[in-house]
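Enquirer:
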Amino acid sequence: MRLGLCKEPRAPWRDARTLACSDYPDIDAALAAYLGTTSIRPRAACFAVAGPVRGDEFRFTNSPWAFSAATVKGRFGLERLLVLNDFEALALALPALGPADLAPIGGGTALPNATMALLGPGTGLGVAALIAADEIDGRRVALPGEGGHIGFSPQDVLEIEVLRVLGSPRVSNEMILSGPGLANLYGALAAIEGVSAPRLSPDQVTARGMDGSDPLARRALEVFCAVLGSVAGDVALIYGATGGVFIGGGIAPRLLPMLPASRFRERFEDKHAQHDYVAAMPTSVIVAPTPALLGCIEKLRQAGT
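Position in the sequence shown (first residue = 1) + 28 = the working numbering.
Laid out in structure tokens, this is it:
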């Protein structure tokens, strides 16, 4: 959980801290711990949560936490509390990201004021887009969703075998393109090759694959990059992302040493009749440390807070 404070919506955030959700029983305890480190008492807040946003009750997709916006607002004396999907916040942050915040991975040049698409493997697979809603004032609107739960579509014989091994009862893209998915992929490849392999955490698969100490982990990362390219290309087609496609989440930055030489761009562009259309779209990995906080600030600005 990343937290920060800002004096006003157009000001940069300050006192940014990262808290482990597992260290606190609920969001109230985490907020109390954070606010206990500062004398500032915010009058408005914006929360970006991993999961669907509707009504007053919110439940995190990959955490046991749940909360009522009205209860949190009253408990901490807030005049306003906005809640949005975490990838909606990340999408809203995209225009504020500069060259130092992005690592380009091929493609052409983004068109100005065009739709941007976003996906990111982490604890799950988030998907969103940012569209220009008003050409006069430049206001943009983020379109979140649950695109990570779209069904996985294998593109070669090995991926068909991965689908067969994982396929009960349905395999979503998130079951491969996420931290848990990377561990799933490692186990599936071991089963396909008929070898005994230890149960590894996502961090262990990544570390062993990147340093070359485990050939099976390396193959898992190669398949991961290829599938990421295919799904990113599909997302680009869905949104018409001529403003660029951005990869967020915690996994992609760790794969930067291998992504450019992987099959990521090949698979991104492999869209048959639409090859030239997507080939012109640039793809970048977000390397900024806390980009979603920028999106929360933008949401507060749009709300006139």
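Virtual Cβ for every residue (Gly too), placed ideally from N, Cα, C.
(1) On a CA-only basis, which of G207, I204, L125 and V111 is nearest G79? Give me that one, please.
(2) Kindly list the residues whose CB is nearer than 6 Å to the CB of Y340, restricted to its own chain and excluding five residues on each side of it in sequence; keep chain order.
(3) Looking at the unbroken beta strand (DSSP E) that takes in D43, where does it start and where does it end?
(4) Which ranges does the alpha helix (DSSP H) cover as unbroken runs of at least 4 residues, wholly within the segment 274-308, from first to last along the chain?
(5) Where in the segment 122-183 do unbroken runs of the beta strand (DSSP E), each at least 3 residues long, occur, reported from the N-terminal end onward?
(6) Output needed for D298: all residues of its chain with C-beta closer than 6 Å, excluding positions within five of it in sequence on either side, in chain order.
(7) Between P226 and P208, how many whole angstroms is the CB-CB distance? I'm expecting something under 8 Å.
(8) What does a CB cutoff of less than 6 Å around A308 pick up in its chain, not counting 5 residues either side in sequence?
(9) Based on the DSSP secondary-structure assignment, which residues constitute the bridge partners of A94?
(10) Count the CB pairs spanning the segment 309-325 and the segment 243-255 that are closer than 8 Å, and state whether there are at least three.
(11) What residues in its chain sit with their C-beta under 6 Å from that of G261, if we drop five residues either side in the sequence?
(12) Under 8 Å Cβ to Cβ from P281, same chain only, skipping five residues before and after it: list those, please.
(13) Alpha carbon to alpha carbon, how far is S196 from E202?
(14) Would you call the segment 116-132 and the segment 181-192 in contact, with 3 or more CB pairs under 8 Å?
(15) Tell me which same chain residues have a C-beta within less than 6 Å of the C-beta of G272, skipping the five on either side of it?
(16) Would a C-beta distance cut-off of 9 Å place I55 and L33 closer than the cut-off?
(17) Taking DSSP as the reference, what is the three-state secondary structure of F104?
(18) State the Cα-Cα distance for the pair V100 and V155, rounded to the nearest angstrom.
(19) Which two residues bound the contiguous alpha helix (DSSP H) that contains I55?
(20) One question on the structure: do G323 and G150 come within less than 9 Å of each other, judged by their Cβ atoms?
(21) Hey, S200 and G176 are a contact pair by Cβ (cut 8 Å); roughly how many whole angstroms apart?
(22) Could you compute how far the alpha carbon of A170 sits from the alpha carbon of V77?
(23) Does the beta-carbon distance from A73 to R108 come in below 9 Å?
(24) Where does L31 sit, in a helix, a strand or coil, going by DSSP?
(25) DSSP state of I314, grouped into three classes?
Expert: Well, looking at it:
(1) Reading the sequence shown from its first residue, position 51 is the one you call residue 79. Checked all of G207, I204, L125 and V111; the closest Cα to G79 is V111.
(2) No information on residue 340 is available, as it lies outside the stretch 29 to 333 that the chain covers here.
(3) Position 15 of the sequence shown holds residue 43. Residues R42 to T46.
(4) Taking only runs of at least 4 residues, the alpha helix (DSSP H) segments lying wholly in the segment 274-308 are 292-297 and 303-307.
(5) 130-132, 144-149, 153-160 and 168-172
(6) Here residue 298 is taken as the residue at index 270 of the sequence shown, counted from 1. The answer is none, since no qualifying residue turns up.
(7) Numbered from 1 along the sequence shown, position 198 holds the residue referred to as residue 226. Numbered from 1 along the sequence shown, position 180 holds the residue referred to as residue 208. The pair is not a contact, with the Cβ atoms about 16 Å apart (cut-off 8 Å).
(8) Indexing the sequence shown from 1 puts residue 308 at position 280. For A308, where only same-chain residues beyond five positions count, the Cβ hits under 6 Å are G136.
(9) For this step, residue 94 is matched to residue 66 along the sequence shown. Looking at the DSSP assignment, A94 forms a beta bridge with R87.
(10) Counting C-beta pairs with one atom in each stretch, the segment 309-325 and the segment 243-255 have fewer than three that are closer than 8 Å, which means they do not touch.
(11) Here residue 261 is taken as the residue at index 233 of the sequence shown, counted from 1. Setting aside the 5 residues that flank it on each side, G261 is surrounded in the same chain by F296, K299 and V306, each with a C-beta closer than 6 Å to its C-beta; the list follows chain order.
(12) Translated into positions along the sequence shown, residue 281 becomes position 253. So the list reads A131, V313, I314 and V315, once near-sequence residues are dropped.
(13) As a first step, residue 196 must be located in the sequence shown, where it is residue number 168. As a first step, residue 202 must be located in the sequence shown, where it is residue number 174. C-alpha separation (whole angstroms): 14 Å.
(14) Note that the segment 116-132 does not touch the segment 181-192; fewer than 3 beta-carbon pairs, one per stretch, sit closer than 8 Å.
(15) To locate residue 272, count along the sequence shown from 1; it is residue 244. So the qualifying residues of the chain are A138, M144 and P310.
(16) As a first step, residue 55 is located in the sequence shown; it is residue number 27 there, counting from the start. As a first step, residue 33 is located in the sequence shown; it is residue number 5 there, counting from the start. Contact flag unset, no.
(17) Within the sequence shown, residue 104 is the residue found at index 76, counting from 1. If DSSP states are grouped into helix, strand and coil, F104 belongs with coil.
(18) Your numbering for residue 100 matches position 72 in the sequence shown. Your numbering for residue 155 matches position 127 in the sequence shown. The straight-line gap from Cα to Cα measures roughly 27 Å.
(19) Within the sequence shown, residue 55 is the residue found at index 27, counting from 1. From DSSP, the alpha helix (DSSP H) with I55 extends over I55 to L63.
(20) Here residue 323 is taken as the residue at index 295 of the sequence shown, counted from 1. Here residue 150 is taken as the residue at index 122 of the sequence shown, counted from 1. Contact: no.
(21) Position 172 of the sequence shown, counted from the start, is the residue given in the question as residue 200. Position 148 of the sequence shown, counted from the start, is the residue given in the question as residue 176. Yes, they are in contact, since the Cβ atoms of S200 and G176 sit about 7 Å apart, within 8 Å.
(22) Counted from its first residue, the sequence shown places residue 170 at position 142. Counted from its first residue, the sequence shown places residue 77 at position 49. Between A170 and V77, the C-alpha separation is close to 15 Å.
(23) Taking the first residue of the sequence shown as 1, we reach residue 73 at position 45. Taking the first residue of the sequence shown as 1, we reach residue 108 at position 80. Their beta carbons are under 9 Å apart, which means A73 touches R108 by this criterion.
(24) Reading the sequence shown from its first residue, position 3 is the one you call residue 31. Three-state result, L31: strand.
(25) In the sequence shown, residue 314 corresponds to position 286, counting from 1. Here I314 sits in strand by DSSP.
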